[in-house]
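Chemist:
2 protein chains.
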Amino acid sequence: MEMQQAFMREAIRIAMENAVSGRGGPFGCVVVKDGRIIATGANEVTGTNDPTAHAEVVAIRRACQALGSFQLEGCEVYCSCEPCPMCLGALYWARPTAVYFAATKEDAATIGFDDHFIYAELERPITARERPMQQLMRAEALAAFEHWRTNPDKVPY
Amino acid sequence: MEMQQAFMREAIRIAMENAVSGRGGPFGCVVVKDGRIIATGANEVTGTNDPTAHAEVVAIRRACQALGSFQLEGCEVYCSCEPCPMCLGALYWARPTAVYFAATKEDAATIGFDDHFIYAELERPITARERPMQQLMRAEALAAFEHWRTNPDKVPY
Numbered sequence: 000m001e002m003q004q005a006f007m008r009e010a011i012r013i014a015m016e017n018a019v020s021g022r023g024g025p026f027g028c029v030v031v032k033d034g035r036i037i038a039t040g041a042n043e044v045t046g047t048n049d050p051t052a053h054a055e056v057v058a059i060r061r062a063c064q065a066l067g068s069f070q071l072e073g074c075e076v077y078c079s080c081e082p083c084p085m086c087l088g089a090l091y092w093a094r095p096t097a098v099y100f101a102a103t104k105e106d107a108a109t110i111g112f113d114d115h116f117i118y119a120e121l122e123r124p125i126t127a128r129e130r131p132m133q134q135l136m137r138a139e140a141l142a143a144f145e146h147w148r149t150n151p152d153k154v155p156y
Numbered sequence: 000m001e002m003q004q005a006f007m008r009e010a011i012r013i014a015m016e017n018a019v020s021g022r023g024g025p026f027g028c029v030v031v032k033d034g035r036i037i038a039t040g041a042n043e044v045t046g047t048n049d050p051t052a053h054a055e056v057v058a059i060r061r062a063c064q065a066l067g068s069f070q071l072e073g074c075e076v077y078c079s080c081e082p083c084p085m086c087l088g089a090l091y092w093a094r095p096t097a098v099y100f101a102a103t104k105e106d107a108a109t110i111g112f113d114d115h116f117i118y119a120e121l122e123r124p125i126t127a128r129e130r131p132m133q134q135l136m137r138a139e140a141l142a143a144f145e146h147w148r149t150n151p152d153k154v155p156y
């Protein structure tokens, strides 16, 4: 528990540093393996013009580079705030062993970072969403899937 | 509609090319502004050891670089497959005008790319999730939020 608090303290320190420096939103993330920090990330959305550069995504990408793997096997992830749906999706694809967070998404909403809209949209069927997506050319797309399915040399994941 | 089909055809071509080349999964994405393709992306997860490098995330990042903006204002996004929760989150943060897709997430599941688990988890409260997240040190994290809230020089987004 003391170790966990030390790692979370570092994630929060990064969040604060990011806010104070003006580089981006007040969010930090730390990835730990075998009791050692292997990567960190801060929110870099406005600084790098990348809407996907949330602290978690930045830290996951760096940790995977450090490990030479597209999976965070045996890793723990410490987030200064509860991950948004994008980051939660990224975490599920990366498959760390455990995820910890400090502030809640409701806390984030009170300072203007509101992902409630995204959560609500994800729960609705496509056609009932506020920003509906339109489907076209499914049959053509399935050809690429069929090639994947029947290819013996693929790298599945 | 003819324009839309041409753009989707390109997204599907990229998906097929990616599958045939073995560089990654059979997914492609195209970002369009003012009737012109400004960025494309293919799935690069296994090729670049980046679990966040889905076609949509790759294309969104490149399009934002091309525009010098962290928002896809006035853009349309064409995905060869229905976006996973991570990509859908990324799309909501990037705020394009419209999103089109071809194959469905059920089609993707039949060839081994199953994001149903992530959708199901997102709908559950944190403590009821199959992979629960643990909260700690909320009070400490709120200090960074308070700094953000009261900082007159921040770049909100």
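As they're listed, the protein sequences go chains A and B. When we follow numbering that gives the first Met the number 0, the leftmost residue of the first sequence carries the number 0, and every step to the right adds one. When we follow numbering that gives the first Met the number 0, the leftmost residue of the second sequence carries the number 0, and every step to the right adds one. A virtual CB, placed ideally from N, CA and C, is assigned to each residue, including glycine.
Checking 7 Å against the spacing of the C-beta atoms, do residue 10 of chain A and residue 77 of chain A come in under that value?
Modeler: Taking 7 Å as the Cβ cut-off, residue 10 of chain A and residue 77 of chain A qualify as a contacting pair.
Chemist: Count the other C-beta atoms from every protein chain shown that fall within 10 angstroms of the C-beta of residue 79 of chain A, then say buried if there are 16 or more, exposed otherwise.
Modeler: It counts as buried.
Chemist: So which residues of chain A does residue 83 of chain B contact, with C-beta pairs closer than 7 Å?
Modeler: Here the neighbours are 88.
Chemist: Just the Cα atoms here: how many angstroms apart are residue 127 of chain A and residue 128 of chain B?
Modeler: About 25 Å.
Chemist: Which first and last residues belong to the beta strand (DSSP E) in which residue 73 of chain A is found?
Modeler: Careful: residue 73 of chain A lies outside any beta strand (DSSP E) and carries neither H nor E.
Chemist: Alpha carbon to alpha carbon, what distance is there between residue 119 of chain B and residue 58 of chain A?
Modeler: Going by the C-alpha atoms only, they are around 25 Å apart.
Chemist: Is any beta-carbon of chain A found at less than 7 Å from that of residue 7 of chain B?
Modeler: Judged by the 7 Å Cβ criterion, residue 7 of chain B is in contact with chain A.
Chemist: Taking a Cβ distance cut-off of 8 Å, strictly less, list which residues of the segment 99-116 of chain B are near chain A, in chain order.
Modeler: Taking 8 Å as the Cβ-Cβ cut-off against chain A, the residues of the segment 99-116 of chain B that qualify are 99, 100, 101, 102, 103, 106, 107, 109, 110, 111, 114 and 116.
Chemist: Using a 10 Å radius around the Cβ and a threshold of 16 neighbouring Cβ atoms, would you call residue 40 of chain B buried or exposed?
Modeler: Answer is buried; the Cβ neighbour count reaches 16.
Chemist: With burial defined as no fewer than 16 other Cβ atoms inside 10 Å of the residue's Cβ, what is the status of residue 49 of chain B: buried or exposed?
Modeler: With 16 or more Cβ atoms within 10 Å of its Cβ, residue 49 of chain B is classed as buried.
Chemist: Pull out every residue of the segment 120-140 of chain A whose Cβ sits closer than 9 Å to any Cβ of chain B, in chain order.
Modeler: Answer set for the segment 120-140 of chain A: 120, 121, 122, 125, 130, 131, 132, 133, 134, 135, 136, 137, 138, 139 and 140.
Chemist: Name the chain A residues that come within less than 7 Å of residue 25 of chain B, Cβ to Cβ?
Modeler: Chain A residues near residue 25 of chain B: 143, 144, 146 and 147.
Chemist: Compute the distance between the beta-carbons of residue 30 of chain B and residue 38 of chain B, then report whether it is under 7 Å.
Modeler: Yes. Within cutoff.
Chemist: Looking only at C-alpha atoms, which of B:87, B:151, B:73 and B:32 sits nearest to residue 53 of chain B?
Modeler: Selected option, being the one with the closest Cα: B:87.
Chemist: So does residue 124 of chain B have its beta carbon nearer than 6 Å to some heavy atom of the ligand FMN?
Modeler: With respect to the ligand FMN, the structure offers nothing, as it holds no ligand at all.
Chemist: Is the distance from the Cβ of residue 73 of chain B to the Cβ of residue 32 of chain B below 7 Å?
Modeler: Contact: yes.
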